[in-house]
Every structure is written in structure tokens, then in C-alpha cells.
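Residue numbering for the sequence shown follows our numbering, starting at 41 and increasing by one per position. Notes to accompany the following structure.
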Amino acid sequence: MKKLLSAVFVTLALSACTTTEHSGGTSVDNSVALSSLSGPKNIIMIVGDGMGPAYTTAYRYFDDNPETKIIEETVFDRLLVGMASTYPARISGYVTDSAAAATALATGVKSYNGAIGVDVDKKSVETVLEWAKKQGKKTGIVVTSQVNHATPASYLAHNESRRNYNAIADSYIDEGIKADIILGGGWEYFIRDDRNLVEEFQSAGFHYLDNAEGLSKLPQHKPVLGLFADVGLPWALDDSNQLRLSTMTKAATKQLENDKGYFLLVEGSQIDWAGHSNDIASAMAEMTDLAKTVEYLEQYVAKNPDTLVVLTADHSTGGFTIAANGKYEWDPTVLRTMKNSPHKIAKKLAITDITIKATSELLNFAVTQEEVLLLQQAKEQTSKNLVDFYGLNESAQKEQIKPSIETTIYIAIKKLIDKRTNSGWTSSGHTAIDVPVFAFGKNSEMFKGKIDNTDIANKIFTLLGKK
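So this is what it looks like as C-alpha cells:
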């Protein structure tokens with residue numbers, strides 16, 4: 041009888057170990073109990089901000105070699121393990137913002153849109169980065185946005201609103217320094233008239249650099265703060281190093297290596313920004329930077345098999361569709377040749393004559409007279425609107441948005457590229473679709489199948505020894 045009862049208790053215990061709960065429901069996980077016995081030494085969490093499944097699919101066709109008969113597999117294809125739901129706490133409905141999504145990925149707790157590391161009652165919730173630090177691991181963040189943007193902030197800070205950029209930056213010092221390496225943009229928030237956080241980090245023993253070229257010669261065994269732009273970094277298409285996320289990630293992994301291991305957050309931040317702008321050219325360049333980062337990490341894990349890498353998106357942005365207008369085609373040919381972002385091209389065309397020659401050189405593909413005419417008309421109309429705007433009295437001007445030639449041309453260029461590629465967009469915001477999950481390295485089997493974004497944090501907590 042005792043043996044029978046013991047067997048029942050063991051069975052019940054194993055069953056309890058194979059389920060994890062999150063605020064949105066319960067998901068089954070058959071590997072947590074076994075995998076938690078020996079977690080990875082290093083954990084690298086990657087967020088492709090805004091990177092819904094249409095983006096990884098489009099990247100496959102963008103990266104394809106049209107000279108071959110096959111469509112080549114990408115790093116995303118070979119590492120795909122499942123999908124994740126992204127909905128926020130019930131109070132915010134079904135469509136998440138980056139803050140609520142990052143809070144879920146960092147803490148395992150659903151919260152309201154705008155929340156940074158806090159629950160729906162605005163109470164601080166511990167993050168996986170903070171817990172890793174308590175376990176003696178080194179920690180770091182690498183992003184292409186400002187380092188106090190929604191995703192990195194949700195791992196490092198606790199604030200009721202993602203918009204409190206200065207307060208979030210201040211908390212990186214005031215609430216205790218939690219990261220050994222911080223790389224991204226953000227001079228505007230760290231070097232202010234009222235406070236110079238860079239100097240405070242330096243006083244705390246940090247090596248500071250404001251030029252990414254210095255990443256190749258970081259001092260060993262010293263914490264690092266690297267800020268390379270006022271806010272976010274330039275678009276990948278416009279940066280002197282188009283693989284800047286990859287470069288920063290290589291430097292961070294090298295800098296963080298130690299006997300106890302590390303936790304590193306990496307974010308391809310501007311996939312989301314391209315989605316909000318409905319800018320497929322910039323999106324594919326950002327996807328390329330992320331892909332090269334993951335390919336580097338594949339090599340890194342091969343040499344460091346005690347490392348886990350998990351990649352997902354916080355949500356999808358823009359309602360991007362691969363084919364539009366009822367046509368069964370998508371042609372990324374012109375995207376492969378572009379050397380400048382549409383935004384940079386618009387800035388140049390706003391202050392110069394729009395000709396076939398100038399436009400073709402900037403886009404790096406031949407444009408037609410019809411396409412140039414549309415750009416010219418957009419510029420001329422906005423110039424007329426500006427004259428009308430300046431003819432209004434001050435009170436009337438305040439009630440209107442000032443026309444912008446640069447913005448008008450930017451929109452026109454994006455439409456030109458969308459027509460060439462047959463790309464479609466349904467929104468300038470986020471959508472509620474599930475997002476892909478990729479994982480490789482030690483314990484990566486834990487992330488297979490359909491999961492929720494909170495499950496990712498909870499599984500990482502388990503691997504870090506938190507019960």
C-alpha cells in the first residue's frame with residue numbers, strides 16, 4: 041500500500057512540474073522539471089521589436105539568391121521552435137505595446153500598456169536580469185534604440201510609464217546599477233542640463249565610450265557604458281556600420297564572459313520603427329542586422345555549448361503583408377540594392393531638384409519619369425501648403441500641423457517602393473497576431489511549441505534557479 045501511495049505522489053509531483061501558469065492561462069511544458077536540474081551558464085535573450093512572422097518570411101525572400109532554383113533557408117528558418125501569444129493584461133485589451141510586452145518577457149507578469157517592470161497595480165516586479173544579477177552572473181543590454189527605451193527599461197527599471205525617459209535613465213543609477221555593459225543610444229537622456237549620468241557612471245567605475253569604433257578595444261574586467269547617438273542609432277541603411285547590432289553583441293559577449301556566466305538582452309529595436317513608418321526598405325536592413333547577429337551567436341554557441349539563446353518578438357508592427365492589391369507577387373529586387381534609407385533620401389530631395397538622375401542615384405535603382413513626376417508633384421503641393429500655412433495668423437497656425445516637405449517626400453518614396461515591391465500595410469501601429477519563437481543552445485527544447493510571452497520569462501527564471 042505504501043509503495044502504491046508513493047507512486048501516486050511521484051506521478052502527481054511530476055504532473056505539477058510539467059505545467060506553468062501565467063495570468064492569461066495555463067500552458068503545458070514537459071521539459072521544465074528535467075531541464076531545471078542543470079541550467080545554462082549564459083543566457084542571451086533577443087527581442088526583434090515589431091518582428092511578426094511576415095518580417096521573417098519577407099527576409100527569406102529578400103535574402104534569397106535569385107540565381108539559384110531553390111529559395112535558401114535563413115537563420116530564422118532553421119532556428120524556429122514555436123509561436124508566442126503577446127496580449128497584455130485584460131485592462132489593455134488584446135493588442136500590446138512594447139512596454140507591456142517587454143514587461144511580460146522580462147518578469148513573467150502581464151501588465152497594462154505603458155508599464156515598465158510593474159504589474160497592473162503599478163508595483164515593481166522582479167526581472168530575469170535582476171534575478172540573474174543576484175545569482176552572481178554578469179548582465180548587459182545591447183539595443184539599437186536609446187538604452188532607456190521600453191524594452192531595455194523593462195529589464196532594468198520599474199516605472200509606471202514608458203514615457204518617463206529621464207526618470208528611467210536616472211533609475212539606472214539611483215536604484216542600483218544592474219548591468220555590467222550597456223550599449224545603444226541615449227545622449228539626450230544621459231547628458232542633460234540638470235544631470236550628467238555619464239559622469240556618474242564613470243564615477244562608479246564604468247568605462248565610457250561615445251564612438252562604436254572603441255568597441256574593439258574595451259578594457260578587460262571593467263563595466264562599460266556605450267552611447268552612440270542622441271536617441272536611437274541611425275537606420276542600419278544610413279549607419280557607417282550597417283551591422284551595428286552584430287558588432288555591439290560581439291563586444292558584449294566577450295566583455296561579459298566570466299566563471300559564473302551572464303545574462304544578456306539584445307534588441308533589434310528599429311524593425312519596429314520601420315514597421316510604424318511602413319518602411320519596407322529600412323525594415324529589411326534592420327532584419328539583416330538581426331540575422332547576422334543571430335548567425336554570429338550560432339557560432340558562439342557552437343564554441344560555448346553552455347549558452348542558451350532565445351529570440352522572439354514583442355509584437356508585430358504595421359500589419360505588413362507580403363503582396364498587396366490583389367496581385368500574387370512580391371518583388372524585393374530594388375530593396376537589395378538600396379544604400380540609403382527612404383528617410384535620408386527624402387531629406388536630400390527636400391533641398392534639391394527632384395530629377396531622374398538624382399532620384400535614381402539616391403535610391404540606387406533606375407526610376408521612371410512617371411515616378412519622378414509623382415515626387416515632384418508631392419513636393420510642389422507641400423510647398424504651396426507651406427505658403428498658405430505661413431499666411432495664417434498665429435492662433436490659426438497653432439490649430440494646424442505645419443506642412444513638411446521632407447515628410448511628404450518620405451511618404452511618397454515609401455509608396456514608390458511599396459508599388460515596386462508590392463508590399464502592403466494595414467496600420468501604423470501594432471497588431472495582435474502571435475509571433476515566432478526561436479531558440480538554440482542548452483535547454484532550448486524548453487521553448488518549443490505554442491507558448492505565451494510570460495512563459496519565456498518563467499522558463500528563464502526556472503533555468504536561473506528561481507522556484
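Where is the CB? At the ideal position from N, CA and C, for every residue including glycine. Please read all numbers here as calculations on a predicted model, not as lab measurements.
Since residue i is in the beta strand (DSSP E), which residue starts that stretch and which ends it?
{"i": "residue 192", "result": "Not the beta strand (DSSP E): residue 192 falls in the alpha helix (DSSP H), residues 190 to 196."}
{"i": "residue 123", "result": "120 to 125"}
{"i": "residue 265", "result": "264 to 267"}
{"i": "residue 223", "result": "221 to 225"}
Looking at the secondary structure, which residues open and close the alpha helix (DSSP H) in which residue i lies?
{"i": "residue 290", "result": "284 to 296"}
{"i": "residue 246", "result": "Taken as a continuous stretch (DSSP letters only), residue 246 belongs to no alpha helix (DSSP H), as it is neither H nor E."}
{"i": "residue 500", "result": "493 to 503"}
{"i": "residue 98", "result": "93 to 103"}
{"i": "residue 396", "result": "396 to 403"}
{"i": "residue 385", "result": "382 to 389"}
{"i": "residue 255", "result": "Segment: none, residue 255 is in no alpha helix (DSSP H) and carries neither H nor E."}
{"i": "residue 327", "result": "320 to 343"}
{"i": "residue 107", "result": "Unbroken run through residue 107: none, as it is neither H nor E."}
{"i": "residue 438", "result": "434 to 438"}
{"i": "residue 379", "result": "Element bounds for residue 379: n/a, residue is neither H nor E."}
{"i": "residue 425", "result": "409 to 430"}
Under the DSSP definition of a beta bridge, which residues are partnered with residue i?
{"i": "residue 86", "result": "306 and 351"}
{"i": "residue 445", "result": "Paired residues: none, contrary to the question."}
{"i": "residue 238", "result": "Looking at the DSSP assignment, residue 238 forms no beta bridge with any residue, so it has no partner."}
{"i": "residue 490", "result": "123"}
{"i": "residue 475", "result": "124"}
{"i": "residue 362", "result": "463"}
{"i": "residue 231", "result": "236"}
{"i": "residue 470", "result": "357"}
{"i": "residue 481", "result": "348"}
How would you call residue i, buried or exposed, if buried means at least 16 neighbouring beta carbons within 10 angstroms?
{"i": "residue 153", "result": "buried"}
{"i": "residue 46", "result": "At residue 46, the pLDDT of 42 sits below 50, so the modelled position is not reliable; the number obtained from the coordinates is stated separately. Per the 10 Å Cβ criterion, exposed."}
{"i": "residue 177", "result": "buried"}
{"i": "residue 13", "result": "With the chain covering 41 to 507 only, the question about residue 13 has no answer from this structure."}
{"i": "residue 470", "result": "buried"}
{"i": "residue 495", "result": "buried"}
{"i": "residue 392", "result": "exposed"}
{"i": "residue 114", "result": "buried"}
{"i": "residue 259", "result": "exposed"}
{"i": "residue 355", "result": "buried"}
{"i": "residue 68", "result": "With a pLDDT of only 43 at residue 68, under the threshold of 50, the placement of this residue in the model should not be trusted, and no figure is reported."}
{"i": "residue 413", "result": "exposed"}
{"i": "residue 305", "result": "buried"}
{"i": "residue 146", "result": "buried"}
{"i": "residue 427", "result": "exposed"}
{"i": "residue 280", "result": "exposed"}
{"i": "residue 51", "result": "Here the model assigns residue 51 a pLDDT of 40, short of 50, so the residue's position is not dependable and the matter cannot be decided."}
{"i": "residue 223", "result": "buried"}
{"i": "residue 483", "result": "buried"}
{"i": "residue 189", "result": "buried"}
{"i": "residue 198", "result": "buried"}
{"i": "residue 432", "result": "exposed"}
{"i": "residue 404", "result": "exposed"}
{"i": "residue 111", "result": "exposed"}
{"i": "residue 180", "result": "buried"}
{"i": "residue 295", "result": "buried"}
{"i": "residue 368", "result": "exposed"}
Would you mind working out which of the options sits nearest residue i, comparing C-alpha positions?
{"i": "residue 298", "options": "186, 330 and 263", "result": "263"}
{"i": "residue 361", "options": "355, 353, 370 and 354", "result": "370"}
{"i": "residue 365", "options": "142, 336 and 460", "result": "460"}
{"i": "residue 194", "options": "444, 151 and 329", "result": "151"}
{"i": "residue 323", "options": "84, 246 and 98", "result": "98"}
{"i": "residue 450", "options": "492, 384 and 430", "result": "384"}
{"i": "residue 287", "options": "334, 242 and 134", "result": "334"}
{"i": "residue 119", "options": "102, 373 and 489", "result": "489"}
{"i": "residue 187", "options": "236, 270, 244 and 131", "result": "270"}
{"i": "residue 402", "options": "386, 221 and 200", "result": "386"}
{"i": "residue 316", "options": "91, 82 and 78", "result": "91"}
{"i": "residue 463", "options": "142, 358 and 248", "result": "358"}
{"i": "residue 329", "options": "84, 96 and 229", "result": "96"}
{"i": "residue 352", "options": "308, 465 and 314", "result": "308"}
{"i": "residue 136", "options": "331, 340, 345 and 492", "result": "492"}
{"i": "residue 200", "options": "230, 472 and 157", "result": "157"}
{"i": "residue 440", "options": "453, 447 and 425", "result": "425"}
Any Cβ of chain C within less than 8 Å of the Cβ of residue i?
{"i": "residue 480", "result": "In the structure shown, chain C does not exist; there is a single protein chain."}
Using a Cβ-based criterion (distance less than 7 Å to any ligand heavy atom), does residue i qualify as near the ligand SAM?
{"i": "residue 389", "result": "This structure lacks the ligand SAM, and indeed carries no ligand of any kind."}
- Taking the runs of the alpha helix (DSSP H) that are 4 residues or longer, which of them lie wholly in the stretch 132 to 208? 138 to 147, 168 to 174 and 190 to 196
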